[in-house]
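Undergrad: This is the structure I want to talk about, given as structure tokens.
Number of protein chains: 2
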Amino acid sequence: MSNKQERVERQATIIDIANKLKKDPSTVSRALSGSPRISDRTKEEVARVAAELNYIPNRAAARLRSGRSKVVGVIVPRLNHHFFSEAIYGMEAKLKREGYNLIICQSNENYVEECDAVRSLLSSQVDGIIISLSSQTKNFEHLQYVLDSGVPLVQFDRVTDELNTPRIVNDNFEGGYKAVNHLLSGGYRKIGVLHGGMVTNVYRERLEGVHQALEDAGIKSNKALELEAFTEKDGYNAAKKLLANGNGPDAIFCCSDHTALGVLEYAKEANISVPSELGVLGYANELFTRVTNPSLSTVDQQCDKLGRQAASVLLKRLTFKSMLNVEEPIKSSLIIRDSSVRAI
Amino acid sequence: MSNKQERVERQATIIDIANKLKKDPSTVSRALSGSPRISDRTKEEVARVAAELNYIPNRAAARLRSGRSKVVGVIVPRLNHHFFSEAIYGMEAKLKREGYNLIICQSNENYVEECDAVRSLLSSQVDGIIISLSSQTKNFEHLQYVLDSGVPLVQFDRVTDELNTPRIVNDNFEGGYKAVNHLLSGGYRKIGVLHGGMVTNVYRERLEGVHQALEDAGIKSNKALELEAFTEKDGYNAAKKLLANGNGPDAIFCCSDHTALGVLEYAKEANISVPSELGVLGYANELFTRVTNPSLSTVDQQCDKLGRQAASVLLKRLTFKSMLNVEEPIKSSLIIRDSSVRAI
DNA sequence: GGGATTTGAGCAAACGTTTGAATATAAGAT
DNA sequence: ATCTTATATTCAAACGTTTGCTCAAATCCC
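Given below as structure tokens:
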């Protein structure tokens with residue numbers, strides 16, 4: 006405890022390896038990166054000495070010289086949302102295998118923080134950026150600047166088509182369609198919708214899917230049954246509004262599991278039985294949907310697959326400089342539980 | 006689409022600013038970092054031109070020269086667990102305000118991957134590392150190496166005392182104590198425990214808290230009522246084992262909400278009423294605990310606060326080189342819901 | 001007014017890697 | 001024996017900062 010001599014061992018460098026082998030640093034560098042110009046014998050020697058000295062490459066130096074850093078940046082609205090943490094999980098898994106690291110920033114659904122994050126990532130010299138837009142972002146100059154700087158950009162989930170980048174998204178239209186179709190085929194006829202507004206692409210598309218499903222079933226969609234609701238509390242209030250007068254919908258499709266939770270709460274309080282009097286469907290397959298009472302039917306988005314896909318598209322850009330933007334949307338799958346299936 | 010001239014604008018550098026002002030790059034550098042050796046007038050001019058050129062500092066270059074990168078690394082067992090994503094949320098929030106970025110790696114509860122992550126972070130020249138150990142990690146050389154390299158290390162949640170670093174943890178002992186004490190004061194007398202084994206510090210300490218609470222209440226702890234269980238399925242099976250013969254405990258404390266969920270499931274299936282016949286308590290305050298039926302009493306760990314704390318201790322190390330390791334554990338708070346309170 | 005001190009800014013080297021160009025050696029063709 | 005070609009390696013510059021040292025000019029002190 007007393008004379009703690011903070012002895013810091015300097016990290017071994019390429020030069021140390023070169024000196025030990027009486028070779029040039031450039032030879033060592035090429036040997037380590039597997040250049041065909043270096044003989045196998047030298048490569049083996051270099052590998053041996055590198056391991057001996059526990060050599061760890063200095064990415065700062067490599068990046069400075071070569072412009073490549075093996076780091077990609079990720080910007081999401083919030084880290085502690087199931088959807089995003091799961092998507093990042095997928096990205097990390099995919100990118101790690103190619104030797105990439107992730108720098109992660111959150112925008113907190115705030116335009117200014119998103120701009121800061123972009124600057125910060127560029128400052129860190131990332132090789133590419135994966136972003137899901139904050140709900141406040143209406144202006145895309147900061148992202149156009151990323152593209153102009155020659156840094157590949159990939160959008161996922163919350164995207165805009167004002168930027169010429171790949172967009173990895175769920176098939177939200179299909180999700181909304183399947184959900185309502187399921188309710189209709191279960192005999193529900195008057196479908197209420199709690200949607201997330203028309204600004205964000207994901208919510209807009211789900212609602213379009215809903216309308217299509219209704220149309221295909223020959224049912225005219227009814228604006229009076231559509232309300233905007235984001236949070237659990239919103240869901241509760243919206244359910245109250247729709248159901249209070251006794252002439253409400255016989256099923257409600259919610260664009261988020263949290264709003265669906267609010268609906269379930271109101272139903273319990275108002276003694277409306279789910280699913281026999283009211284069908285309820287959520288969206289996102291949050292962890293809790295399995296254990297509500299009754300358990301909540303929902304739409305699964307395969308978020309980790311989405312993340313993996315985003316990562317893999319970025320990797321293509323980084324390695325092949327491919328400029329193709331077309332990507333198939335990730336299919337959503339309906340998870341049918343108790344809240345949407347009434348006994349005959 | 007055809008003649009897409011990929012025009013990449015070179016990022017402005019300190020040299021560009023210097024040229025424009027007919028000054029030396031070193032002066033610009035010092036002006037930007039607020040050195041007292043530079044006049045206010047020059048500082049203002051530099052700031053103006055920097056903004057004009059949209060200058061973004063190159064951290065790779067700065068790190069290479071100065072050894073500081075303004076990036077810290079985080080290693081967690083898994084990203085997509087509520088506890089960790091919430092903790093990282095806290096860290097990111099705290100560190101961002103000081104201009105730091107986070108590189109995040111997951112070990113997937115795997116020792117080898119943890120070692121890889123360490124190498125990768127050192128390779129990225131991070132200024133410091135925050136880690137929560139994988140459950141497989143029994144050997145700490147890779148982390149000792151981090152310390153020997155002079156890179157500050159902070160452990161959180163899953164920690165070992167074999168390393169001379171700060172450790173940011175929950176007061177798991179208190180959590181276990183409070184939980185069982187609550188059950189006892191509600192009239193439950195025969196307390197079953199589903200614990201997480203004695204290897205990982207967090208589970209061990211919770212169990213010690215349990216024992217202390219029993220002892221303080223003059224109740225002899227009974228090994229036959231203590232089983233190891235990690236997952237939901239484990240919880241279901243353990244509950245079955247404990248309760249099947251009709252002579253089981255009248256309450257069960259689970260070291261994780263997931264196992265508690267398993268217990269609830271078995272109880273429902275076996276027609277054991279919760280909380281009147283069986284009290285159930287979980288741990289972690291997962292999102293779903295609020296909506297189970299009955300809602301699940303649990304222990305909240307303030308994970309974001311834990312993350313913030315870890316970040317703030319690391320910051321202290323980075324800025325003051327402070328070597329104090331003492332940190333108060335984060336208090337846990339009991340969240341009392343329906344599963345542990347029986348009507349009198 | 002001469003020497004000491006303060007203030008502001010320039011010079012040049014260094015960080016560790018990558019890479020185009022140059023060189024040395026060996027093998028092959030004429 | 002001479003000229004090519006191929007192979008394996010070295011040389012040296014460059015990436016954009018930071019920083020110890022030097023230096024010029026201005027200010028101060030007696």
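If you're matching them up, the sequences are chains Y and L in order. Take our numbering: the last position of the first sequence gets the number 349, and nothing is skipped along the way. Take our numbering: the last position of the second sequence gets the number 349, and nothing is skipped along the way. Heads up, the beta-carbon is just placed ideally off N, CA and C, and yes, glycines get one too.
#1: Which residues in chain Y sit within 8 Å of Q130/L, going by Cβ to Cβ distance?
#2: Mind listing the chain L neighbours of Y94/Y? Cutoff is C-beta to C-beta under 8 Å, in chain order.
#3: Could you tell me the distance, in whole angstroms, from the CA atom of I93/L to the CA atom of S137/L?
#4: Name, please, each residue of chain L whose Cβ falls closer than 8 Å to the Cβ of L266/Y.
#5: Tell whether a beta-carbon distance below 7 Å holds between T294/Y and L301/Y.
#6: Taking the C-alpha atoms as reference points, what is the distance between Q17/Y and L58/Y?
#7: Take the Cβ of L329/Y as the centre, count every other Cβ of all protein chains shown within 10 Å, and call the residue buried at 16 or more, exposed below.
#8: Which residues in the same chain have their Cβ closer than 8 Å to the Cβ of N115/Y, if we skip the five residues on either side of it in sequence?
#9: Grab the span of the beta strand (DSSP E) containing E231/L for me, first residue to last.
#10: So the alpha helix (DSSP H) D305/L belongs to, where does it begin and stop?
#11: According to DSSP, which residues form a beta bridge with S300/L?
#12: With F161/Y and A289/Y assumed to form a contact (beta carbons below 8 Å), what rounded beta-carbon distance in angstroms separates them?
#13: Considering only the beta carbon of each residue, do Y271/Y and A218/Y sit closer than 7 Å?
#14: Go through its chain and collect everything with a Cβ distance to K357/Y's Cβ below 7 Å, but skip five positions before and after it.
#15: Does any residue of chain L bring its CB to less than 7 Å from the CB of E14/Y?
#16: Any beta carbon from chain L within less than 7 Å of K25/Y's own beta carbon?
#17: One question on the structure: do V164/L and R172/L come within less than 7 Å of each other, judged by their Cβ atoms?
#18: Tell me which same chain residues have a C-beta within less than 6 Å of the C-beta of Q10/L, skipping the five on either side of it?
#19: Between the C-alpha atoms of K273/L and L319/L, what's the straight-line distance to the nearest angstrom?
#20: Assuming I108/L and N106/Y are in contact, meaning their beta carbons sit under 8 Å apart, how far apart are those beta carbons, in whole angstroms?
#21: So with CB distances below 7 Å, who are the chain L contacts of D353/Y?
#22: Within 10 Å of its beta-carbon, does P41/Y have 16 or more other beta-carbons around it, so buried, or fewer, so exposed?
#23: Is there a Cβ of chain L sitting closer than 7 Å to that of F293/Y, yes or no?
#24: Among H187/L, S74/L and I80/L, which residue has its Cα nearest to the Cα of L130/L?
#25: Can you tell me where the beta strand (DSSP E) holding S338/Y begins and where it ends?
#26: Could you tell me the boundaries of the beta strand (DSSP E) in which F258/L lies?
#27: Report the CB separation of G201/Y from Y193/Y in whole angstroms; it is logged as a contact under 8 Å.
#28: Once you ignore the five residues that flank N206/Y on each side, which residues in its own chain have a CB closer than 7 Å to its CB?
#29: Where does G72/L sit, in a helix, a strand or coil, going by DSSP?
#30: Can you name the residues of chain Y whose CB is closer than 8 Å to the CB of R68/L?
#31: Would D343/L and T303/L qualify as a contact pair, given that the criterion is a beta-carbon distance under 7 Å?
#32: Confirm, please, whether the CB-CB distance from V268/Y to G312/Y is below 7 Å.
#33: Can you list, in chain order, the residues of the segment 115-129 of chain Y whose Cβ is nearer than 9 Å to any Cβ on chain L?
#34: What does the Cβ neighbour count give for D153/L, buried or exposed, with the cut at 16 atoms within 10 Å?
#35: Taking only beta-carbon positions, decide if S57/L is within less than 7 Å of chain Y.
#36: Kindly identify the DSSP beta-bridge partner or partners of V187/Y.
TA: If we stick to the structure as given:
#1: Your numbering for residue 130/L matches position 125 in the second sequence. Neighbours of Q130/L on chain Y, chain order: N63, R64 and A65.
#2: Working through the first sequence from its first residue, we reach residue 94/Y at position 89. Residues of chain L passing the Cβ test: R83, L84, N85 and Q111.
#3: For the purposes of this step, residue 93/L is identified with residue 88 of the second sequence, where counting begins at 1. For the purposes of this step, residue 137/L is identified with residue 132 of the second sequence, where counting begins at 1. Counting only the Cα atoms, S137/L lies some 11 Å from I93/L.
#4: Against the first sequence, residue 266/Y aligns to sequence position 261. Per Cβ cutoff of 8 Å: V296.
#5: For the purposes of this step, residue 294/Y is taken as residue 289 along the first sequence, with counting starting at 1. For the purposes of this step, residue 301/Y is taken as residue 296 along the first sequence, with counting starting at 1. In contact: T294/Y and L301/Y (Cβ atoms closer than 7 Å).
#6: Translated into positions along the first sequence, residue 17/Y becomes position 12. Translated into positions along the first sequence, residue 58/Y becomes position 53. One point to set straight first is that residue 17/Y is Ala, not Gln, in the sequence displayed. Rounded to whole angstroms, A17/Y and L58/Y show a C-alpha spacing of 6 Å.
#7: Position 324 of the first sequence, counting from 1, holds the residue named residue 329/Y. Answer is exposed; the Cβ neighbour count stays below 16.
#8: Within the first sequence, residue 115/Y is the residue found at index 110, counting from 1. These residues qualify, in order along the chain: S139 and Q141.
#9: Residue 231/L sits at position 226 when you count from the first residue of the second sequence. E231/L -> beta strand (DSSP E) spans E231 to E233.
#10: Residue numbering aside, residue 305/L sits at position 300 when the second sequence is read from its first letter. Looking at the DSSP string, D305/L is not in any alpha helix (DSSP H); the run it does join, the beta strand (DSSP E), is T303 to D305.
#11: Along the second sequence, one-based indexing puts residue 300/L at 295. Paired residue(s): none; S300/L is not in a bridge.
#12: Residue numbering aside, residue 161/Y sits at position 156 when the first sequence is read from its first letter. Residue numbering aside, residue 289/Y sits at position 284 when the first sequence is read from its first letter. For F161/Y against A289/Y, the beta-carbon gap comes to about 15 Å, at or over 8 Å, which does not count as contact.
#13: Numbered from its first residue, the first sequence carries residue 271/Y at position 266. Numbered from its first residue, the first sequence carries residue 218/Y at position 213. Contact: no.
#14: An answer regarding residue 357/Y cannot be provided, because it is not within the stretch 6 to 349 covered by chain Y.
#15: Here residue 14/Y corresponds to residue number 9 of the first sequence, with the count starting at 1. Answer yes: the Cβ-Cβ gap between E14/Y and chain L drops below 7 Å somewhere.
#16: Within the first sequence, residue 25/Y is the residue found at index 20, counting from 1. Chain L, which has no Cβ nearer than 7 Å to the Cβ of K25/Y, makes this no.
#17: Position 159 of the second sequence, counted from the start, is the residue given in the question as residue 164/L. Position 167 of the second sequence, counted from the start, is the residue given in the question as residue 172/L. In this structure, R172/L lies closer than 7 Å to V164/L by Cβ.
#18: Position 5 of the second sequence, counting from 1, holds the residue named residue 10/L. In this prediction, Q10/L has a pLDDT of 41, which is less than 50 and means its spatial position is unreliable; nothing more can be read from the coordinates.
#19: As a first step, residue 273/L must be located in the second sequence, where it is residue number 268. As a first step, residue 319/L must be located in the second sequence, where it is residue number 314. Answer to the nearest angstrom: the Cα atoms are 46 Å apart.
#20: Position 103 of the second sequence, counted from the first residue, corresponds to residue 108/L. Position 101 of the first sequence, counted from the first residue, corresponds to residue 106/Y. Indeed, because the Cβ distance is near 5 Å, the residues count as touching under 8 Å.
#21: Because chain Y spans 6 through 349 in this model, residue 353/Y falls outside it and cannot be assessed.
#22: Locating residue 41/Y in the first sequence gives position 36, counting from the first residue. By the neighbour-count definition (other C-beta atoms within 10 Å, threshold 16), P41/Y is an exposed residue.
#23: Stepping through the first sequence from its first residue, residue 293/Y is reached at position 288. Under the Cβ distance rule, F293/Y counts among the residues neighbouring chain L, one pair being separated by less than 7 Å.
#24: For this step, residue 130/L is matched to residue 125 along the second sequence. This sequence places Gln at residue 130/L; Leu is not what is there. When only C-alpha atoms are compared, the closest one is S74/L.
#25: The sequence position of residue 338/Y within the first sequence is 333, counting from 1. Going by DSSP, S338/Y is part of the beta strand (DSSP E) stretching over S338 to I340.
#26: Position 253 of the second sequence, counting from 1, holds the residue named residue 258/L. F258/L -> beta strand (DSSP E) spans A256 to C259.
#27: Numbered from 1 along the first sequence, position 196 holds the residue referred to as residue 201/Y. Numbered from 1 along the first sequence, position 188 holds the residue referred to as residue 193/Y. The Cβ separation is near 21 Å, so there is no contact.
#28: Along the first sequence, one-based indexing puts residue 206/Y at 201. Sequence-distant partners of N206/Y (beyond 5 residues in either direction) whose C-beta falls short of 7 Å from its own C-beta, in its chain, are R163 and V164.
#29: Position 67 of the second sequence, counting from 1, holds the residue named residue 72/L. Look at G72/L here: in three-state DSSP terms it is coil, with no helix or strand label.
#30: The residue given as residue 68/L occupies position 63 in the second sequence. Contact note: R68/L reaches chain Y through A65, using a C-beta cutoff of 8 Å and chain order.
#31: Taking the first residue of the second sequence as position 1, residue 343/L is located at position 338. Taking the first residue of the second sequence as position 1, residue 303/L is located at position 298. Their beta carbons are not under 7 Å apart, which means D343/L does not touch T303/L by this criterion.
#32: As a working note, residue 312/Y is residue 307 in the first sequence. As a working note, residue 268/Y is residue 263 in the first sequence. Going by C-beta atoms, G312/Y is not nearer than 7 Å to V268/Y.
#33: Residues of the segment 115-129 of chain Y with a C-beta atom less than 9 Å from some C-beta of chain L are E118, D121, A122, R124, S125, L126, L127, S128 and S129, listed in chain order.
#34: Numbered from its first residue, the second sequence carries residue 153/L at position 148. Taking all protein chains in view, the Cβ of D153/L is surrounded by fewer than 16 other Cβ atoms within 10 Å, so the residue is classified as exposed.
#35: Within the second sequence, numbered from 1, the residue matching residue 57/L stands at position 52. Per the sequence shown, residue 57/L should be read as Glu rather than Ser. Cβ-Cβ to chain Y under 7 Å: no for E57/L.
#36: The sequence position of residue 187/Y within the first sequence is 182, counting from 1. For the sequence presented, residue 187/Y should be read as His rather than Val. In DSSP, H187/Y forms no bridge with anything.
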